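Residue numbers (my numbering), protein chains in the order written: chain A, 1 to 107; chain B, 1001 to 1113.
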């Protein structure tokens, strides 16, 4: 069974708005990673949060991790058209990814 | 190299032909992964190599698919007797020992006519 599942499946917002996407997983992990994929090609690592951290920031990205609920969220603030992409989470060392969240930011 | 390199970037083949897809991981990375992604879909895990251990082949969809990793570096994914449903982007990723982050190549777009 897949470790990470993202929701929503798709999200459409206006430029300047914030985008929030969520990831749920099933077993204990020591870290969770978020990746971005543009144009159906290679994924790029965005940010990693460890199990002993509740929140982490990187530029316009804010990630939270709730190990009691086995969930994480990725917040992109002040979104830009260039943020349009698919976003995936990876829980621990899992081999599988979820279906991702397809984010569209309209200019 | 500086990143994970995959070749070819695009491959068009006829149904029934065999294809080989190549992945050059980041030098020194002990872990190597292959994924498949159909249009508009998520990533489908295919196979995982870790050092000298036996690969995890649990994601290979049929016996037409095989992969090898020579010398702990370059990997080749082979699809025999290709079918139209094999059309997808094939992604390779590598990871350094003890690290968590995956580094992906740009993928090979396979089209089976």
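All residues carry an ideal CB built from backbone N, CA and C; glycine is no exception. Remember, predicted model here, so these are calculated numbers, not experimental data.
| Check | Outcome |
| --- | --- |
| Which word fits residue 54/A, buried or exposed, when buried means at least 16 other C-beta atoms lie within 10 angstroms of its C-beta? | exposed |
| Which class does residue 66/A belong to by DSSP, given the choice of helix, strand or coil? | strand |
| If the cut-off is 9 Å on Cβ atoms, which residues from the segment 28-44 of chain A count as contacting chain B, listed in chain order? | 30, 31, 33, 35, 37, 40, 41, 42, 43 and 44 |
| Cβ closer than 8 Å: which chain A residues qualify as neighbours of residue 1074/B? | Per Cβ cutoff of 8 Å: no residues; residue 1074/B is ~17 Å from chain A at best. |
| Distance check for residue 1096/B and residue 1029/B, CA to CA, integer angstroms please. | 4 Å |
| Please identify, using Cβ separations under 7 Å, the residues of the segment 1089-1105 of chain B that lie next to chain A, in order along the chain. | 1089, 1091, 1100, 1101, 1102, 1104 and 1105 |
| So who's on the other strand from residue 1031/B, going by DSSP bridges? | 1050/B and 1095/B |
| List in chain order: all unbroken beta strand (DSSP E) runs of 3+ residues lying wholly within the segment 2-26 of chain A. | 5-7, 10-14 and 19-24 |
| Any Cβ of chain A within less than 8 Å of the Cβ of residue 1056/B? | yes |
| What in chain B is Cβ-close to residue 96/A, meaning under 7 Å? | 1045 |
| What is the DSSP secondary structure of residue 1088/B, counted as helix, strand or coil? | strand |
| By how many angstroms is the C-alpha of residue 1002/B removed from the C-alpha of residue 4/A? | 29 Å |
| Answer yes or no: do residue 90/A and residue 33/A have a C-beta to C-beta separation smaller than 8 Å? | yes |
| Would you identify the three-state DSSP class for residue 1024/B, choosing helix, strand or coil? | strand |
| From what residue to what residue does the beta strand (DSSP E) around residue 105/A run? | 101-106 |
| Touching or not, the segment 17-27 of chain A and the segment 65-74 of chain A, by the rule of three or more beta carbon pairs under 8 Å? | yes |
| Go ahead and label residue 1027/B buried or exposed: buried means 16 or more other beta carbons lie within 10 angstroms of its beta carbon, across all protein chains shown. | exposed |
| For residue 1/A, decide whether its Cβ has a neighbour in chain B, counting only Cβ atoms nearer than 8 Å. | Per-residue confidence for residue 1/A stands at a pLDDT of 45, beneath the threshold of 50, marking its modelled position as unreliable; the derived number appears in the next sentence. No, residue 1/A lies away from the interface with chain B (no Cβ there is under 8 Å from its Cβ). |
| Determine, for residue 1042/B, whether the minimum Cβ-Cβ distance to residues of chain A falls below 8 Å. | yes |
| In terms of alpha-carbon separation, which member of 107/A, 95/A and 16/A lies closest to residue 1102/B? | 95/A |
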